[in-house]
Amino acid sequence: MLDSNDADAYIREAMRWHFDPETGSPFWLAQAASLGFDPRADVRSVDDLRMFPNVVDQLRDIRVEQLIPRGYGDSAEIVGVYDSGGTTGAPKRVVFLNDWLQRMITHMLEPLDRLGIPLGLNWLGILPTGPHAVGHFIGLVARARRGLMYTVDMDPRWVRKLIASGQQAQADAYVEHLVEQSSHVLLSQEVGVLMTTPPMLERLARREDLLAAITRSVRLIMWGGAHMDADTHDLFRNEVFPGIPLHGVYGSTMIMGGANQRLGDTEFPVFDGFGPHITFRVVDPATMEPVPYGTRGQVVTNHVSKSMLLPNNLERDTAIRVAAPSGQPGDSLADLAPVQVFGDEAVIEGVY
Numbered sequence: 001m002l003d004s005n006d007a008d009a010y011i012r013e014a015m016r017w018h019f020d021p022e023t024g025s026p027f028w029l030a031q032a033a034s035l036g037f038d039p040r041a042d043v044r045s046v047d048d049l050r051m052f053p054n055v056v057d058q059l060r061d062i063r064v065e066q067l068i069p070r071g072y073g074d075s076a077e078i079v080g081v082y083d084s085g086g087t088t089g090a091p092k093r094v095v096f097l098n099d100w101l102q103r104m105i106t107h108m109l110e111p112l113d114r115l116g117i118p119l120g121l122n123w124l125g126i127l128p129t130g131p132h133a134v135g136h137f138i139g140l141v142a143r144a145r146r147g148l149m150y151t152v153d154m155d156p157r158w159v160r161k162l163i164a165s166g167q168q169a170q171a172d173a174y175v176e177h178l179v180e181q182s183s184h185v186l187l188s189q190e191v192g193v194l195m196t197t198p199p200m201l202e203r204l205a206r207r208e209d210l211l212a213a214i215t216r217s218v219r220l221i222m223w224g225g226a227h228m229d230a231d232t233h234d235l236f237r238n239e240v241f242p243g244i245p246l247h248g249v250y251g252s253t254m255i256m257g258g259a260n261q262r263l264g265d266t267e268f269p270v271f272d273g274f275g276p277h278i279t280f281r282v283v284d285p286a287t288m289e290p291v292p293y294g295t296r297g298q299v300v301t302n303h304v305s306k307s308m309l310l311p312n313n314l315e316r317d318t319a320i321r322v323a324a325p326s327g328q329p330g331d332s333l334a335d336l337a338p339v340q341v342f343g344d345e346a347v348i349e350g351v352y
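Residue numbers for the sequence shown follow the UniProt record's numbering, beginning at 1 and rising by one.
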């Protein structure tokens, strides 16, 4: 693939790769006949990715072997198959290849040095593992930072199912179960980096002994998986966990990774894309046209890498449209929040 510093040239090369019968995946080669345009001739820029239909619902049923580009031949180094959270119906499923995984890990590592986080800290991840990619990702990030990785497994689908069926007491009991498991690590081990979701941070902070342990040893709190509004962000940063940097990651299975929170003091948590691989647009969902800067719209995501093409996906999130940093294609996202209904399904976040 071409140098990703030239975003539009990268997109053109990606179109040649994904739609050449010798290199493209069976999934996209089968889609090509019904697109109504020739991606190799007509998709010339990041902005042109909006020409594609949103195909992610097909990932609920497609055999994942069909997603692997033929160009890898027998050398495809498959890391694993991972599911979406299943927030809006049956989970969608993607396959991760190692070349993309390593690129994504490098991207996630980059802000930690700028935040002054030393090597050798131990990590605690209170996150989904199993079919979800985030637990795997963070373990590899911890290893790259020369730290040990402690884990507490989280099943977000079970919490959503309990909430949807009106069993709030059972959902609360499950979250308390997660807190109890986390306490065994936080009170007995030296944890320097904590990664979990905003609802879990709130529940951990209710216990004075856990709050004291976090305040004593944690040098960085990474958060993601659920939304955090500006008031909660300020409360956590200035009153609950003062002196501990908060660093968010906007992750999604359909972008096959995460977008880092912009460093520095901003009014809202702002997330910048990882162009040209991961880019965003903020649109009016009725017209799919961009909303003005500073206005809330619905998030559209694109993933373009050698191993996967997932363009023009209307996500279940809204955000305020923010200008991207210089050289970064697409939009940046501020003050993310879930839509109430998506695909005729009520959106329930729960703990993730």
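A virtual CB, placed ideally from N, CA and C, is assigned to each residue, including glycine.
{"Asked": "Check whether P290 and T318 have beta carbons under 9 Å apart", "Found": "no"}
{"Asked": "Bridge partners - L309, DSSP secondary structure assignment", "Found": "V304"}
{"Asked": "Continuous alpha helix (DSSP H) stretch holding L121: start and end", "Found": "Careful: L121 lies outside any alpha helix (DSSP H) and carries neither H nor E."}
{"Asked": "Ordered list of alpha helix (DSSP H) runs contained in the region 159-211, each at least 4 residues", "Found": "168-186 and 198-205"}
{"Asked": "Cα-Cα separation between R60 and M256, rounded to whole angstroms", "Found": "15 Å"}
{"Asked": "DSSP bridge partner residues for Q298 (one or two, in chain order)", "Found": "V283 and T318"}
{"Asked": "Cα-Cα separation, F27 to D6", "Found": "27 Å"}
{"Asked": "Segment contact, 8 Å Cβ cut-off, at least three pairs: the region 133-144 with the region 99-107", "Found": "yes"}
{"Asked": "Residue from S217, V218 and H233 whose Cα sits closest to the Cα of P199", "Found": "H233"}
{"Asked": "Candidates V191, L187 and K161: closest to L119 by CA position", "Found": "V191"}
{"Asked": "Cβ-Cβ separation, L67 to M228 (assumed contact under 8 Å), whole Å", "Found": "So it is not a contact: roughly 32 Å between Cβ atoms."}
{"Asked": "For L333, the first and last residue of its enclosing beta strand (DSSP E)", "Found": "D331 to P338"}
{"Asked": "Limits of the unbroken alpha helix (DSSP H) element including I221", "Found": "Element bounds for I221: not the alpha helix (DSSP H) but the beta strand (DSSP E), L220 to G224."}
{"Asked": "G275 vs P311 beta-carbon contact at 9 Å", "Found": "no"}
{"Asked": "Buried versus exposed, by CB contacts within 10 Å (16 or more), T106", "Found": "exposed"}
{"Asked": "9 Å Cβ cutoff met for G224 and T266", "Found": "no"}
{"Asked": "Inter-stretch contact at 8 Å, needing at least 3 Cβ pairs: the region 8-19 / the region 39-54", "Found": "yes"}
{"Asked": "Distance, G297 Cα to K161 Cα", "Found": "28 Å"}
{"Asked": "Span of the beta strand (DSSP E) around H247", "Found": "L246 to S252"}
{"Asked": "Rounded separation between H177 and A164 - CA only", "Found": "19 Å"}
{"Asked": "Supposed close pair L109, V79 - CB separation, criterion 8 Å", "Found": "Contact doesn't hold; Cβ gap of about 17 Å is too wide."}
{"Asked": "Nonlocal neighbours in the same chain, by C-beta distance under 8 Å from A230, ignoring five residues either side", "Found": "E267, F268, P269 and D335"}
{"Asked": "Span separating the alpha-carbon of R145 from that of L121", "Found": "7 Å"}
{"Asked": "Per-residue DSSP class, three states only, for M104", "Found": "helix"}
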